[in-house]
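Data first, discussion second: the structure below is written as structure tokens.
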Amino acid sequence: MTTLAQYLNVASSEYTTECETEATALVDRHIGTATVPPDIRDRAVLEVAADLFYRRETRNGVVAFGGQDGGASVAPVRVSRDPMKAATDLLRPYLGPGIA
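The opening position of the sequence shown corresponds to residue 1 in full-length UniProt numbering, with each subsequent residue numbered one higher.
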């Protein structure tokens, strides 16, 4: 599995490990007893961990990613308030219908 640090192209740290641990707990709780392919689960964990990682830098909900040209082209992106948003979309086909 790709680590969070590899996925984000940052140095591995205690913080990246914490984000991965928290993401794993959130995703596993969401999955419950459903059967989800390991690759899909791993991707969901990675997406949640990335959202948790960037939350620290985006208290206002917007993060700016510099371009490949050294930052001359900056693309502001709104970070979801719900770190499970990307995972929910990935996992939906495997979890069945929700009950309202």
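Ideal Cβ placement from N, Cα and C applies to all residues, glycine included.
Check your understanding: Cβ of residue 95 within 8 angstroms of Cβ of residue 50?
Key -> Along the sequence shown, one-based indexing puts residue 95 at 95. Along the sequence shown, one-based indexing puts residue 50 at 50. No; because the gap between Cβ atoms is not below 8 angstroms, this pair is not in contact.
Check your understanding: Of all the options 57, 43, 56, which has the alpha carbon lying nearest to the alpha carbon of residue 85?
Key -> Taking the first residue of the sequence shown as 1, we reach residue 85 at position 85. Measuring from the Cα of residue 85, the nearest candidate turns out to be 43.
Point to revise | Of the listed residues 35, 45, 81, 36, nearest to residue 57 (C-alpha basis) | key: As a first step, residue 57 must be located in the sequence shown, where it is residue number 57. The option with the nearest alpha carbon to residue 57 is 81.
Check your understanding: CB residue 47 to CB residue 11, shorter than 8 angstroms?
Key -> Residue 47 sits at position 47 when you count from the first residue of the sequence shown. Residue 11 sits at position 11 when you count from the first residue of the sequence shown. Cβ distance not < 8 angstroms, so residue 47 and residue 11 don't count as in contact.
**Study point:** Close beta carbons around residue 83, own chain, < 8 angstroms, minus the five adjacent residues each side
**Key:** Numbered from its first residue, the sequence shown carries residue 83 at position 83. Cβ neighbours of residue 83 beyond the five flanking positions: 23, 26, 48, 51, 52, 55.
Check your understanding: From this set, 76, 35, 45, which residue's C-alpha is nearest residue 7's C-alpha?
Key -> As a first step, residue 7 is located in the sequence shown; it is residue number 7 there, counting from the start. Selected option, being the one with the closest Cα: 45.
Practice item. Tell whether a beta-carbon distance below 8 angstroms holds between residue 30 and residue 91. Key: Indexing the sequence shown from 1 puts residue 30 at position 30. Indexing the sequence shown from 1 puts residue 91 at position 91. Yes, Cβ-Cβ distance for residue 30 and residue 91 is below 8 angstroms.
Practice item. May I have the straight-line CA-CA distance separating residue 2 from residue 39, to the nearest angstrom? Key: Counting from 1 along the sequence shown, the entry for residue 2 is found at position 2. Counting from 1 along the sequence shown, the entry for residue 39 is found at position 39. Their backbone Cα atoms lie some 11 angstroms apart in a straight line.
Review point. In the structure shown, what three-state DSSP assignment does residue 38 receive?
Key: The count along the sequence shown starts at 1 and reaches residue 38 at position 38. Here residue 38 sits in helix by DSSP.
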